[in-house]
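> Chains A and B, in that order, give the protein sequences. Following the working numbering, the numbering of the first sequence begins with 233 at its first residue and continues without gaps. Following the working numbering, the numbering of the second sequence begins with 233 at its first residue and continues without gaps. Next up is a structure, given as structure tokens.
There are 2 protein chains.
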Amino acid sequence: MDPGDARNVLTQMRRGTLAYCVLAVLRSGERYGFELVRLLSAVDGMVTSEGTIYPLLARLRRQGLVETTWRESPAGPPRRYYRLTRLGRRALADFTEEWTRFRDGVDSFLAGQTES
Amino acid sequence: MDPGDARNVLTQMRRGTLAYCVLAVLRSGERYGFELVRLLSAVDGMVTSEGTIYPLLARLRRQGLVETTWRESPAGPPRRYYRLTRLGRRALADFTEEWTRFRDGVDSFLAGQTES
DNA sequence: ACAGCTACCATGCGACGCATGGATCCCGGC
DNA sequence: GCCGGGATCCATGCGTCGCATGGTAGCTGT
């Protein structure tokens, strides 16, 4: 693949942070998978397809960061709603600190604090 | 590995951005590998070991984003100095835009722009 | 009854950070 | 003269996770 491919760069950047963006969205209430895809896609290049979200949600469930409930849909197949657990809130809070430090670190390099 | 391990989260976050932090450091002049390890380690959890940097530098070289020159060291084995190419500067500029958008996206989720 | 949308899911690949281990060169102590 | 230790380089293999792919099922409109 083209080394300078911008899509690839984004793909790599999403790693690690994507899961916590999902958790962050869930703070505001229960959501189902397809809805999360739409919400995340709305913000510049965060998610492109369901193929990304569903495995991610399965992992979060396995780790006990979210719980799920089946509900009927007004039109269409039933939906699996995801809800934050206490552990999930905690993990999100921890991540937020990590993210802040990391973000500031990257920004400091890009800003070029060390000009010759 | 412990799912909530903070180190692991950092490891994932570094993906994609680390290479460009290296390029950013190189804007200020030539550097050699060991020096880069020290410079990056100085900023909170960007790099932990040489095992991270050398394969990365080899990749950057293969992609033509950096050039190298051998120089003698005042004490110790010779050093391979890395220098940005025009392509490297270009890639760094492109990345900076991507990063800004991505960073703002993540921040908007973490800030919780969608309260119920 | 069939097309098309919504919604779910499993599987496999590829990229890349990093742990590990090794090679080489120089210097200083004994 | 020898040996230990630090500086510096490098190659190899693993684990993680985003995502492409492809598959199932329910509902609605024509």
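C-beta atoms are modelled at their ideal positions from N, C-alpha and C, and glycine is treated no differently. Predicted model, so just to flag it, every value in this text is computed and none were measured.
Determine the DSSP secondary structure at arginine 311(B), reduced to helix, strand or coil.
Strand at arginine 311(B).
> Determine which residues of the region 252-276 of chain A have a Cβ less than 7 Å from any Cβ of chain B, and write them out in chain order.
Flagged, chain order: Cys253, Ala256, Val257, Arg259, Ser260, Gly261, Val275, Asp276.
> Would a check of beta-carbon distances place arginine 247(A) closer than 8 Å to chain B?
With 8 Å as the cut-off, arginine 247(A) counts as an interface residue toward chain B.
> Could you tell me if arginine 303(A) is buried or exposed, where buried requires 16 or more neighbouring beta carbons within 10 angstroms of its beta carbon?
The residue in question, arginine 303(A), is exposed, as its Cβ has fewer than 16 Cβ neighbours within 10 Å.
> Can you name the residues that DSSP bridges to glutamate 299(B)?
DSSP output for glutamate 299(B) lists Arg315(B) as bridge partner(s).
> Short check: CB of glycine 248(B) to CB of glutamine 295(A), under 8 Å?
No.
> Could you compute how far the alpha carbon of threonine 284(A) sits from the alpha carbon of proline 306(A)?
Roughly 25 Å separates the two Cα atoms.
> May I have the straight-line CA-CA distance separating arginine 312(A) from alanine 256(A), to the nearest angstrom?
One C-alpha to the other measures close to 18 Å.
> Put arginine 322(B) into one of helix, strand or coil per three-state DSSP.
Helix.
> Can you tell me whether DSSP reads threonine 346(B) as helix, strand or coil?
Low confidence applies to threonine 346(B): its pLDDT is 49, below 50, so where it sits in the model is not reliable, and the reading given next is rough at best. Looking at threonine 346(B) - three-state DSSP - the assignment turns out to be coil, as it is neither helix nor strand.
> Ends of the alpha helix (DSSP H) at arginine 270(A)?
Arginine 270(A) -> alpha helix (DSSP H) spans 265-274.
> Answer with buried or exposed for arginine 315(B), where buried requires no fewer than 16 other C-beta atoms within 10 angstroms of its C-beta.
Result: exposed.
> In chain order, what residues of the same chain have a beta carbon less than 8 Å from the beta carbon of serine 281(A), not counting five sequence neighbours either side?
Contacts found: Val269.
> Rounded to whole angstroms, what's the CA-CA distance from leucine 297(A) to leucine 319(A)? Just pull it up for me.
Each residue's Cα considered, the two are about 5 Å apart.
> In the region 318-341 of chain A, which residues sit with their C-beta less than 7 Å from some C-beta in chain B, listed in chain order?
Cβ contacts with chain B come from Ala323, Asp326, Phe327, Thr328, Glu330, Trp331, Arg333, Phe334, Arg335, Gly337, Val338, Ser340, Phe341.
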